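Visitor:
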Amino acid sequence: MTSIFTQKKQLRTEASARRTALAAKYDVGDRFIKIFRNEIQLKPGMCVSGYYPIASEANVMLLLCDIGTRGFDTALPVVAGREDPLTFREWRESDPMDKGPFGIPEPRTNAEIIYPDVILAPLLAFDRTGNRLGYGGGYYDRTIIAIRQHKPVLAIGVAYAAQEVDSVPHDSEDVALDWVMTEKEAFAVDRGK
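Heads up: the sequence shown runs through residues 3 to 195, numbered per my numbering.
#1: Could you give the first and the last residue of the continuous beta strand (DSSP E) run that contains Phe189?
#2: Is the stretch 119–134 touching the stretch 156–163 in the sense that three or more CB pairs, one from each, lie closer than 8 Å?
#3: Pairing CB atoms from the stretch 74–93 with CB atoms from the stretch 7–27, are three or more of them under 8 Å?
#4: Nearest by alpha-carbon distance to Asp176: which of Gly132, Glu185 and Ile149 is it?
#5: Just tell me which of Gly140, Asn112 and Thr8 has its CA closest to the CA of Pro87.
#6: Among all the DSSP beta bridges, which residues are the ones paired with Ile115?
#7: Should the stretch 143–150 be called in touch with the stretch 161–171, which here means at least 3 C-beta pairs below 8 Å?
#8: Short of 6 Å in beta carbon distance, which residues of its chain neighbour Glu92, apart from the five on each side in sequence? Order them along the chain.
#9: Apply the 10 Å Cβ neighbour rule to Ala60 and answer buried if 16 or more other Cβ atoms are within range, or exposed otherwise.
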């Protein structure tokens, strides 16, 4: 029997190659805005965190800008430490950025720390029960757990539809998503399967 670690490693390799091929084909910005507005209900005062896309990740920056122009707070993640949850700092389109530890642009240290109500999370693969395959660092799993100790947070995985797989290998340390949003649809996950 193959270990979860080995299964995830193999799926990461396959999913990364598939996502790279997809990214060249799709400009998803306007589609994400339309789908998000139709499916995700935001209440006044809510904060939505996105992510600065790297490599072939589905780009949510246009969506995040749209959310900000509608009067909601927006934030981007900051890597605090290798084993720590992510920190979210306030972000607007015109804000200057710094390079984080992995070379990913992050809000500057003087930007206000915000605890988001909605987290848009990148991924390599997902399934219909909300299991998400990331890069293996566990950042989003730790972060969602940490925030939920203080308040509810809606975790939305963002991907291309073709990143869906029948089943993502997972264990007790993996946190399932609440929703998945692709260029074709957004859906609440079915944990009854």
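All C-beta atoms, glycine included, are put in the ideal place defined by N, C-alpha and C. Quick caveat: nothing in here was measured; it's all calculated off a predicted structure.
Guide: In this structure, then:
#1: Numbered from 1 along the sequence shown, position 187 holds the residue referred to as residue 189. In this chain, the beta strand (DSSP E) harbouring Phe189 covers Ala188 to Ala190.
#2: Under the three-pair Cβ rule at 8 Å, the stretch 156–163 counts as touching the stretch 119–134.
#3: Touching, no.
#4: As a first step, residue 176 is located in the sequence shown; it is residue number 174 there, counting from the start. Closest by alpha carbon: Gly132.
#5: Residue 87 sits at position 85 when you count from the first residue of the sequence shown. Comparing alpha carbon positions, the residue from Gly140, Asn112 and Thr8 closest to Pro87 is Gly140.
#6: Translated into positions along the sequence shown, residue 115 becomes position 113. As a beta-bridge residue in DSSP terms, Ile115 pairs with Arg91.
#7: In short, these stretches do not touch, since the Cβ pair count stays below three.
#8: Here residue 92 refers to the residue found at position 90 when the sequence shown is read from its first residue. Around Glu92: Ala77, Ala113, Glu114 and Ile116.
#9: Numbered from its first residue, the sequence shown carries residue 60 at position 58. Ala60 should be labelled buried.
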